[in-house]
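Protein chains in written order, with the working numbering: chain U, 1 to 273; chain A, 274 to 532; chain W, 533 to 1181.
Right, here's the structure in full:
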C-alpha cells in the first residue's frame, strides 16, 4: 500500500490493554459513496471509525460501521456480500480506487484490516460502469452478466439425454485450461478495473471454458457470436488490451482468454454456418 | 483498429527502409533516385497514397469511435482511480500519442509532400528541415510519440486479432517493444544526425545549403554520422526492405506472423 | 412435549414409498406416476424458489420439459447461491476406479453415515441417480478433474473406503452450480423461465388446501407482489445461520421454508445439524461468518491442546510430554482422521475443560511441525500451500511456523421440511428440494453428498414426481387477483410494518448474534435436557424482546438490508425454539444430534432404535393461541440394512 494514507493518528491512543495488547485497535477515516437509489445523486459521506480490530475482514469493518449507524438511527450502508469466503462473487467495492482493494487475487470479503494502517483514509466507491448501474450506495446491478450468459454461455444438454461422462475423454490439459477459465466468479471487477469498463475478460472466460471442452464444440460459433452481441448491447466499453482486468481479477483469469475470445469470434464470423 | 494499425506499421517499415537510403551514399542521390522512382509510378503512387490516407483515416476514425464508446461506458468516473500496475505508460497514453502523431504527420506532409520540390532534390530538403532546431524538435517528438504508441500497439493488435496466447505472449510483447524501438529510434536518427551535425562546425553550411547543391549537406551528414557514438551508417550500404531483419531486432519473431 | 413411546405413524405422514425390492422401487414408481401431456405442460406454471443446485436444476429441467417456470432468488444473480461454496466434491456410484463401489454400497454408506435415520427408499434412489448426475454435469461443461488419458478422476473423501468423489479442484460446488446456472440461463434466454433476482419469498399462499403461489418482496423496490402458480418448489437451502456463526453465506436463511411451515408444511428433524471440525476459529466479537478449511489438512496435521489449562508457553515451546494429542489418544485407529462429529465433539470437550488455545481459549492446535520435519516444508507447501495461504490471510499467523488453530463450526442442516417420496410436503402442491428438505441424510450427512442430493432432486426426481400433483389432482386456475393472495400480501405488509414500527434500540444483527450464541451453547455440538429447557425459555423471552426492541432505520420501499435481515431473524427465533424442542424430544444421540445424557461409557453417541427410529415431524398447532407444535412421527423401516453402531475406535 503506498500513498493512500494521509493521516497518521497517534498509535498510543488506540492501544488496547490486557492479554491481547499486541492487537492494537485501529482508527479509520472512511469516505463512503452514498446514493439513495438509481436516480438519486450520490455523494461521499465521511465516517470516522475507531476501535477497528486488525483481525476484522473489510466487510466486518463495514458491519461494525453499520451497527453504529443503525444505533444512531441512520440507515446502514448497502453493500453486496454473501459467502464471505471469496467464491460467490457478490462482494464488490472499489477500495481506494481499486476494485476489491489492493491485494492481488483477493476479493473484498477476504481482505483483512491488518493490511491497512492505523489512521488510514479509505475511499469506498461502488464498481463504476454504465452497464452496472448503481442500485443503492455501494450496490450495483450486474444483471448484464446474466443476460450475456443467457445469450449463449451454456452447452445445450437436456437432463436425461447426456451420454456417459467418460464417453468423450477430455485431455487433462484441456480440462485444466477450461477449469482455469471457469474459475471466474462473475464479480465484475474486470469491468470495474478496466478504464473502458469493458467486459471482455468475463465474456472470454466463459467462451474459453466452453470452447476448450469437446462438449462445447457443437455451439462453439453461435455461442461466441451471441455472447459478444449481447455484451455490446449492454453498453460495456471496448478492450484496449491494457490487462488491468487480469491484474484486478480475484481469481487470476488470464487475458490470454481475451485473445482466445477474439480468435473464436473471428473464426465464427468466417465460418459459413 | 488492429488491422489498420498493423498495415500502418507495415508502411512505417517500408518508409524507414526508404529513409535509410539517405545514409547509403554521400550525395543523397540514392535517396533522390528512390523518390523519383516512387514518382515514376504516376497514378499508381496516388492510388497507394490514397490507400495510405484511407488507412490512416480509418485508424483514426476507429480510434475515435473506440475512445468515445469507452468514455461513454463509464459516465460517472471514480473519485479516486488507481490502476493495478498492468497499464503501461504507452497503453495509458495511446490517445495522446495518437494525437501527437496525427499533428506530426500533417506537419510532415506539409514539409515534404505538399510543398514544391526544391531544385536540389528531396534529400536536401530533408536535411535542411531536420537541421533546424524547430524541425529537429518536431521530428524527434513526433517519432518519439510514434515509438511509444507502437510499444503498446503491436501486442495489442496481436491480442485483438486473437494471434496471442500464453505461450507467445512474452515473445510477442517483446517483439512489439523491439519494433517500437527500431521504428522510433530508426526515424529519430535522422533529426538527431542532421541536427547534431548542424550544431557542429558547419552550422553556416546548413544556411548555405538552402541555396547550393546537396553535396555539402552530405558532407556534414558524414561528420554527424561519425560523431554519433556507435552509429556508423555509411558502411551499411544500400538498404532494401529485405535486409531489415539485419537492422531490426532478431527477437522480433512476431513480425513474421504479421506479414 | 411428547414422551418416548413406541413409534406410531401419523396418518398425515404418508411417505408414499413404493414397495417391492429396493433396487426396483424407483423404476416402478416412475412407471406408476401419472404423466402430463406435453401439450398441456405449458399451461402449468411452476414457481421455483431458490436457484442453488436444486433450484437451478429443477427450474431448467422443468422448463425443458415444457412447463412454464418462474424462478426466484434473493441474490443479485442465480449464480451466487450458496451451493457455490462447496469445495470437496460430489459422490456418484459410477465405480470408475474398479474398487468395489456400487449403487448399493453408496446407498449403504449413506444410510449408515446418516446413523440410520433416513428412509431407505429415498437414499437408494439418490444412489441410483447419482450416476446420471455426473453424466449430466459433464455434458453441461463442468470441468471435472481428469486422468492423463482424459477419463474422469476420483478421490476418496470423508473417510469413504472407495474413491467415488468427482471433483473440480477445490471448487466443485462452484463448477456444478455454474453448470446448472448456465442451463437455467439458457431457459431464461429462450423465454421459458421468468427470472426474478433479488426477490425474497415472504409467504406461501394456500388455497383450498393446495399451494397456489407465493408472496415476494422485491428487494430493490420493496414492492410486495404475489405470484400464482400450479406448484411451488422450495429450493432454499438450510438453516445453519440460526447459529449466527456458521460456514453458510450471510443471506442463507430459513424464511421461505419457515413461512411454508407456518402455512401447514410439517418440519422434520430440525435438531440434526452438522458441525465441521476444521474451521478457522472466531477471532473476536466482530466475527460475521466462519470459514471452512479442507478436511484434508487432518491427513498431516496433528490435533492437540496443552495438558493443563494454564499453559503459558508459546506452542512451539510446549514439549511433547505437555501436549495432549487427544484424538490420537482417544481413537487410536482413526486418530486425527476421526469422523467430523467425533472430532468436533472432542474439540469442544477439551475446550470446555479449559484447555483450549488462542485468545478466547476456544480453539485447538492443528500442528504441522512433525509433518514438516518428516516430509520437508516444500512437500507440505505443495500439498496445502493454498490452504496455508488462506489461513494466513484470515488470521495473520503463519502456519509453517505457528500451529494452525481450528474449531468446529455449523456447516449443514440435515433437518428441513418433511417431504414424501415425491418430494412433496404435507401441503399438496408444495415440493421441497435439496438441503431445504429433510429426506436423504438422516442424522448426519456424508462428505460430498450435499451436491449429489441437490442435483438428484432437481434433475432426476422432480421432473417425474411433479406430475403426481399436476396430473394427479384436480384443481382449477387461480390468479394473483384471488382474495387469498390479497389477504396474505396484507399479512406480509403488516409483518414488515410491525418490525419497522417496533421503535426499539437494537439492530436485528445484535439480536441474531445473541440468539446464535445461545443456540451454539445449548443446542450446538452437545445438548442436554436442562440446557434445552433453559434455551427454550430464553429463546421465547428474547423473541418477545425482539419484536419490541428491534430497530430498523430506512424505509420499506427501497433496498434495505436491515429490514431483510430483520424478517429472517424473526423466523430464526421461531425455528430456534422448535430445534430445541426437537432436540429435547429425541432422548438419544445420533449423528449430528448428541445428547450428553445418552452416551456410552467412553463418551460415544448412543442411539435408541427401539424408541427413536423415526423422523420427528412438527406441525404448527393451529388450535393454540400462541406458537405451539404437535409432534408427528414417521417410523423408519429398515428392510435392507441391519442397524449397527458406528464405531471408530
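No residue lacks a Cβ here, since even glycine has one placed at the ideal position from N, Cα and C.
Note that this is a predicted model, so its numbers are computed, not measured.
Does the distance from the C-beta atom of residue i to that of residue j stay below 8 Å?
i	j	result
residue 150 of chain U	residue 720 of chain W	yes
residue 1101 of chain W	residue 1040 of chain W	yes
residue 1165 of chain W	residue 540 of chain W	yes
residue 130 of chain U	residue 196 of chain U	no
residue 975 of chain W	residue 646 of chain W	yes
residue 1048 of chain W	residue 1081 of chain W	no
residue 968 of chain W	residue 768 of chain W	yes
residue 433 of chain A	residue 166 of chain U	no
residue 616 of chain W	residue 95 of chain U	no
residue 651 of chain W	residue 547 of chain W	yes
residue 1108 of chain W	residue 1059 of chain W	no
residue 792 of chain W	residue 961 of chain W	no
residue 153 of chain U	residue 714 of chain W	yes
residue 608 of chain W	residue 696 of chain W	no
residue 898 of chain W	residue 922 of chain W	no
residue 801 of chain W	residue 639 of chain W	no
residue 1057 of chain W	residue 807 of chain W	yes
residue 734 of chain W	residue 787 of chain W	yes
residue 70 of chain U	residue 1085 of chain W	yes
Find the residues of chain W that neighbour residue i, judging by a C-beta separation of less than 9 Å, and give them in chain order.
i	result
residue 48 of chain U	The premise fails here: residue 48 of chain U is roughly 17 Å from chain W at the closest Cβ pair, so nothing lies under 9 Å.
residue 163 of chain U	667, 670 and 671
Can you list the residues of chain A that residue i reaches, using a CB-CB cut of under 8 Å?
i	result
residue 266 of chain U	434 and 435
So which residues on chain U does residue i lean against when the C-beta distance must stay under 7 Å?
i	result
residue 1171 of chain W	What residue 1171 of chain W touches in chain U: nothing, since even the nearest Cβ is about 29 Å away.
residue 763 of chain W	Within chain U, no residue comes near residue 763 of chain W; the closest Cβ sits about 18 Å away, beyond 7 Å.
residue 352 of chain A	44, 123 and 125
residue 356 of chain A	244
For the putative contact between residue i and residue j, defined by C-beta atoms under 8 Å, what is the C-beta separation to the nearest angstrom?
i	j	result
residue 127 of chain U	residue 188 of chain U	5 Å
residue 54 of chain U	residue 192 of chain U	Incorrect: roughly 26 Å between the Cβ atoms, too far for contact.
residue 601 of chain W	residue 725 of chain W	5 Å
residue 198 of chain U	residue 257 of chain U	About 13 Å; that fails the 8 Å criterion.
With a 10 Å radius around its C-beta and 16 neighbouring C-beta atoms as the bar for buried, classify residue i as buried or exposed.
i	result
residue 510 of chain A	Reliability fails at residue 510 of chain A, whose pLDDT of 34 lies under 50, so the model's placement of it is uncertain and no value is given.
residue 706 of chain W	buried
residue 480 of chain A	Residue placement at residue 480 of chain A cannot be trusted, given a pLDDT of 38 that sits under 50; what the coordinates show is reported in the next sentence. With fewer than 16 other Cβ atoms within 10 Å, it is exposed.
residue 294 of chain A	buried
residue 1087 of chain W	exposed
residue 693 of chain W	exposed
residue 281 of chain A	buried
residue 559 of chain W	exposed
residue 633 of chain W	buried
residue 108 of chain U	buried
residue 1071 of chain W	buried
residue 493 of chain A	The predicted model places residue 493 of chain A with a pLDDT of 33, which falls under 50 and marks its position as unreliable, so this point remains unresolved.
residue 831 of chain W	exposed
Starting from the beta carbon of residue i, find every residue of chain W whose beta carbon is closer than 7 Å, and list them in chain order.
i	result
residue 169 of chain U	681, 682 and 683
residue 183 of chain U	703
residue 156 of chain U	718
Below 8 Å on C-beta distance, what does residue i contact in chain W?
i	result
residue 210 of chain U	673
residue 191 of chain U	None at all; the shortest Cβ gap to chain W is about 14 Å.
Listing by chain order, which chain U residues have their CB less than 8 Å from the CB of residue i?
i	result
residue 237 of chain A	Any answer about residue 237 of chain A is impossible in this case: the structure gives chain A only from 274 up to 532.
residue 367 of chain A	240
residue 428 of chain A	241
Check the Cβ of residue i against every Cβ in chain A and list those closer than 7 Å, keeping chain order.
i	result
residue 236 of chain U	346
Are any of the Cβ atoms in chain B nearer than 8 Å to that of residue i?
i	result
residue 397 of chain A	The question asks about chain B, but that chain is absent: this structure's protein chains are U, A and W.
* To do: Jot down the residue ranges of each uninterrupted alpha helix (DSSP H) in the segment 275 to 343 of chain A, minimum 4 residues, whole runs only, in chain order.
  => 275 to 292 and 302 to 313
* Could you name each continuous beta strand (DSSP E) segment of 3 residues or more that falls completely within the segment 130 to 164 of chain U, going from the start of the chain to the end? => 134 to 136
* **Ordered list of beta strand (DSSP E) runs contained in the segment 694 to 771 of chain W, each at least 3 residues** => 725 to 728, 731 to 739, 742 to 750, 756 to 760 and 763 to 766
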